[in-house]
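**Q**
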Amino acid sequence: MRFFLSAALTGLLLSLAATVFAADEDGYELWLRYRPLERAAQATVKAQARAIVIPGAATPTTEAALAELNRGLAGMLGQAPQKAARIGDGALLLATPERLPELAAVNSPLRADLAALGGGGYLLRQTRIQGHKVTLIAANSDIGLLYGAYAWLREAAIGAPARDVSSAPKLQLRLLNHWDNLDRTVERGYSGQSIWDWWALPDILDQHYTDYARANASLGINGTVLNNVNSKPEVLTAPFIAKAAAVADVLRPYGIKVYLSARFSTPLELHETATADPLSPEVRAWWQRKADEIYKSIPDFGGFLVKANSEGQPGPQDYQRNHAEGANMLAAAVAPHKGIVMWRAFVYAPKGSHRADDRARQAYEEFKPLDGAFAANVLVQVKNGAIDFQPREPFHPLFGAMAKTPLMMEFQITKEYLGYATDLAYLGTMFEETLESDTKSAGTVAQTLSGMAGVANIGSDRNWAGSHFDQANWYAYGRMAWDPQAKARNIAAEWAALTFGPDRRVADPIVDMMMISREAVVDYMTPLGLHHIMGTSHHHGPAPWVDNLERPDWNPVYYHRADRNGIGFDRTASGSNALEQYAPEIARQYADPRTTPQQLLLWFHHLPWDYAMPSGRTLWAELLARYDKGVADAKSLRTRWSALKPLIDARRYAEVDQRLARQIDNAVLWRDACIAYFQSVSGLPLPAGVQPPAHTLDYYKALRYPYSPGRG
Ligand code: BDP
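Numbering (this note's numbering), first residue to last: 35 to 746.
(1) Could you give the DSSP three-state label for Tyr741: helix, strand or coil?
(2) Under 8 angstroms Cβ to Cβ from Thr730, same chain only, skipping five residues before and after it: list those, please.
(3) What three-state label does DSSP hand Arg133 in the structure shown?
(4) Should Asp422 be listed as close to the ligand BDP, given that the test is whether its C-beta is under 6 angstroms from any heavy atom?
(5) Is the beta carbon of Pro727 sitting closer than 7 angstroms to the one on Asp699?
(6) Taking 8 angstroms as the threshold, find out whether the region 406-416 comes into contact with the region 446-461 through three or more Cβ pairs.
(7) Locate the beta strand (DSSP E) running through Ser295, then write down its first and last residues.
(8) Less than 6 angstroms between C-beta atoms, sequence neighbours within five positions excluded: which residues of the same chain meet that for Gln351?
(9) Taking 6 angstroms as the limit between beta carbons, can you name the residues of its chain near Arg745, skipping five residues before and five after?
(10) Give the straight-line distance between the Cα atoms of Gln116 and Thr169, rounded to the nearest whole angstrom.
(11) Just to confirm, are Thr95 and Pro333 a CB contact at a threshold of 7 angstroms?
(12) My output table needs one value for Arg162: the three-state DSSP class, helix, strand or coil.
(13) Nearest-angstrom Cα distance between Pro89 and Ala172?
(14) Does the Cβ of Asn343 lie closer than 6 angstroms to at least one heavy atom of the ligand BDP?
(15) Just to check, is the beta-carbon of Val340 closer than 6 angstroms to a non-hydrogen atom of the ligand BDP?
(16) Using CA atoms only, rank isn't needed, just tell me which of Glu316, Ser471 and Phe335 is closest to Leu260.
(17) What number of angstroms, rounded off, separates the C-alpha of Asn362 from the C-alpha of Ser299?
(18) With DSSP as the reference, please indicate the residues paired to Gly257 in a beta bridge.
(19) Rounded to whole angstroms, what is the Cα-Cα separation between Asn611 and Asp391?
(20) Nearer than 6 angstroms: is that true of the beta carbon of Glu221 relative to any heavy atom of the ligand BDP?
(21) Compute the Euclidean distance between the alpha carbons of Gln415 and Ala722, then round it to the nearest angstrom.
(22) Tell me whether Glu444 sits in a helix, a strand or coil according to DSSP, three-state version.
(23) Check the DSSP bridge columns for Thr478 and list the partner residues they point to.
(24) When you compare only the Cα positions, how much space is there between Thr560 and Asp58?
(25) Would you mind reading off the limits of the alpha helix (DSSP H) that contains Gly106?
(26) Can you tell me whether Phe38 is buried or exposed, with buried defined as 16 or more other CB within 10 angstroms of its CB?
(27) Going by C-alpha distance, which of Ser331, Leu107, Glu136 and Ala185 is nearest Glu528?
(28) If you drop the 5 nearest sequence neighbours on each side, which residues of the same chain put their C-beta closer than 7 angstroms to that of Thr53?
(29) Cβ of Val269 versus every heavy atom of the ligand BDP: is any distance shorter than 6 angstroms?
(30) Compute the minimum distance between the beta carbon of Ala264 and the heavy atoms of the ligand BDP, and state whether it is under 6 angstroms.
(31) So does the region 539-557 actually touch the region 667-677, counting three or more Cβ pairs closer than 8 angstroms?
(32) Which residues mark the beginning and the end of the beta strand (DSSP E) in which Arg395 is found?
(33) Please report the distance separating the alpha-carbon of Thr244 from that of Leu703.
(34) From the DSSP output, read off the bridge partner residues of Ser157.
(35) For the region 393-404 and the region 413-433, state whether three or more C-beta atom pairs, one from each stretch, are separated by less than 8 angstroms.
(36) Are at least three pairs of beta-carbons, each pair with one atom in the region 360-380 and one in the region 314-331, less than 8 angstroms apart?
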């Protein structure tokens with residue numbers, strides 16, 4: 035009894051202490067907070083880092099590693115160790131074979147492990163070097179050392195700094211794509227202005243740039259496309275090249291290369307050529323000169339990202355050339371400098387020539403025949419699904435279908451279709467779902483990749499991402515770009531511990547919230563495989579009734595096809611047959627609604643309202659149940675958060691709480707508007723116990739969202 039009382043009392047005191055002492059945080063430090071460790075953990079970390087030793091000459095990258103270790107240790111221990119010139123007991127030793135040749139000596143036990151790491155990997159070991167007990171961070175390059183330093187700090191902050199770790203990136207290209215405009219607006223950005231202050235550059239280098247580099251390097255992100263895929267010619271003019279070069283100088287020590295989105299018609303629009311035809315010698319020469327000019331200022335420039343012949347952007351098809359001819363022309367210009375071209379497969383035809391029957395088919399139809407036609411330094415960048423970053427999509431059929439073309443995955447980290455920066459939706463589970471999908475022709479989607487790009491959610495907001503939980507999506511993206519087989523739950527646990535502290539009473543419930551959050555959004559927006567029923571152009575809020583836009587495939591009614599008899603898009607042989615673009619096993623399995631995963635049912639099938647679902651309900655009743663579940667889960671997110679109030683600093687608690695409250699409203703709005711609309715179409719009564727929508731359909735139809743953010 036005494037024991038229980040004192041345990042309860044200690045618990046209470048701990049909570050009280052947490053409430054009293056948890057100082058407000060604004061989120062600027064992201065997952066690199068380095069708060070003081072508990073006493074026992076402090077002792078362990080201290081013993082592993084009595085002094086920091088980096089043999090050999092300092093480079094900007096080793097200086098960055100040293101600075102981060104000092105910052106981290108000062109935060110976690112209250113005091114940073116000295117840098118020492120010699121290895122001694124308890125040293126934290128950062129070394130490459132070049133800096134410390136004995137690492138690669140024939141008799142070195144680390145030789146094989148190191149060789150397996152490649153350029154960017156690292157290992158962490160408790161070992162003996164020159165007779166001294168040391169903590170070793172070893173790699174084959176300085177960038178590997180920097181990654182290793184971040185990994186060791188992460189382990190220390192979470193309280194597990196003695197593990198032996200070997201880690202090497204599985205993908206060589208790990209990029210962010212900023213959809214940032216040169217006027218600092220951000221297309222689909224919900225976290226303030228662009229962090230790139232083009233006007234102030236190149237003279238004024240905001241501290242944000244360095245902190246951005248640190249955050250990204252801590253995840254292993256090694257490239258960034260600075261500007262929007264809907265690009266402008268000016269970005270390739272001398273003044274903007276100088277600005278990009280200044281950013282590149284800041285990012286370089288952190289192993290991050292700068293890339294630019296190039297507008298295909300740039301030379302023509304700058305009036306420097308008479309055409310933008312990729313086969314014109316004048317155009318080819320212009321791009322070659324332009325590449326030379328860029329590389330003069332940015333010797334390690336990564337290359338170009340291109341959106342061509344999509345949503346009105348110019349491209350090779352304007353000159354009756356195909357995507358490969360366009361991409362290869364640019365590839366030839368950057369090839370002498372070892373640059374690459376990332377050519378996007380998000381294409382849907384301009385007015386008039388589109389396939390009216392199914393937009394989902396188009397990318398495959400344009401790109402599959404070109405497999406093998408792209409130059410060696412071209413990668414085709416494919417969105418995770420064939421429509422457009424919906425809350426749930428089946429994996430894009432191009433994955434597994436382009437054996438001769440390196441592919442990059444394009445995920446959207448910013449939540450254009452999943453509630454902006456207000457709704458909590460942890461995307462780790464969504465990324466994982468796509469990456470582990472089995473293509474049946476080439477292994478999992480993850481195994482088909484040569485690189486990954488994430489459309490950034492980063493902006494000028496103090497917390498970078500617009501909300502604290504949206505930081506987790508940047509984090510999860512980076513960790514999965516490093517290891518596409520990583521598990522969303524483990525990443526969430528790591529992020530939660532780093533962001534809110536390693537106390538499991540806090541971290542565990544936060545992980546649980548994160549793990550249900552994206553499915554909640556799917557349920558209250560687009561359950562059972564519904565898609566693209568959001569409001570026109572801003573993509574916020576429900577609008578399943580919209581049927582009057584210029585292109586059929588901009589209209590929600592095109593996607594859900596609900597009428598008196600049923601609902602869903604028939605992509606089987608009796609419909610658009612988009613299914614034939616998948617491997618035969620998948621096509622066969624999904625041809626039958628009974629063997630199609632329920633979560634994709636209405637993506638592939640048009641079914642009668644009384645179709646019997648495995649639950650025993652009719653499709654109509656199931657749809658209603660999903661909407662109700664979405665709302666219930668949104669409510670549960672907030673309840674779970676409330677329970678954490680005593681353990682979280684007041685500022686972050688309140689900032690999250692306000693958003694969770696708004697998320698409930700959004701969930702109810704979606705549920706009610708969709709039910710009102712689908713009921714008006716199906717003509718079916720609501721089963722007993724289902725709450726009728728709060729308003730009439732006309733009320734929902736009349737809602738407007740003027741000045742919604744993210745329109746660029
Ligand atoms: C859509 C966005 C649009 C982008 C486009 C793209 O609504 O703003 O320009 O994707 O990826 O999701 O090019």
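Cβ coordinates follow ideal geometry from the N, Cα and C atoms, glycine included.
Fair warning: this is a prediction, and the values are worked out from it, not measured in the lab.
**A** The structure says:
(1) coil
(2) Ala710
(3) coil
(4) yes
(5) no
(6) no
(7) Lys291 to Ser295
(8) Asn343
(9) none
(10) 15 angstroms
(11) no
(12) strand
(13) 12 angstroms
(14) no
(15) no
(16) Phe335
(17) 15 angstroms
(18) Leu209 and Lys291
(19) 10 angstroms
(20) yes
(21) 48 angstroms
(22) strand
(23) Asp472
(24) 36 angstroms
(25) Pro94 to Leu111
(26) Per-residue confidence for Phe38 stands at a pLDDT of 49, beneath the threshold of 50, marking its modelled position as unreliable; the derived number appears in the next sentence. Label assigned to Phe38: exposed.
(27) Ala185
(28) Its pLDDT being 48, under 50, Thr53 is placed unreliably in this model, and the value from its coordinates should be taken loosely. Cβ within range, chain order: Pro680.
(29) no
(30) What sits at residue 264 in the sequence shown is Asn, not Ala. The answer is yes for Asn264.
(31) yes
(32) Arg395 -> no beta strand (DSSP E), and no H or E assigned at all.
(33) 41 angstroms
(34) What sits at residue 157 in the sequence shown is Leu, not Ser. BP columns for Leu157 point to Ala172 and Ser200.
(35) yes
(36) yes
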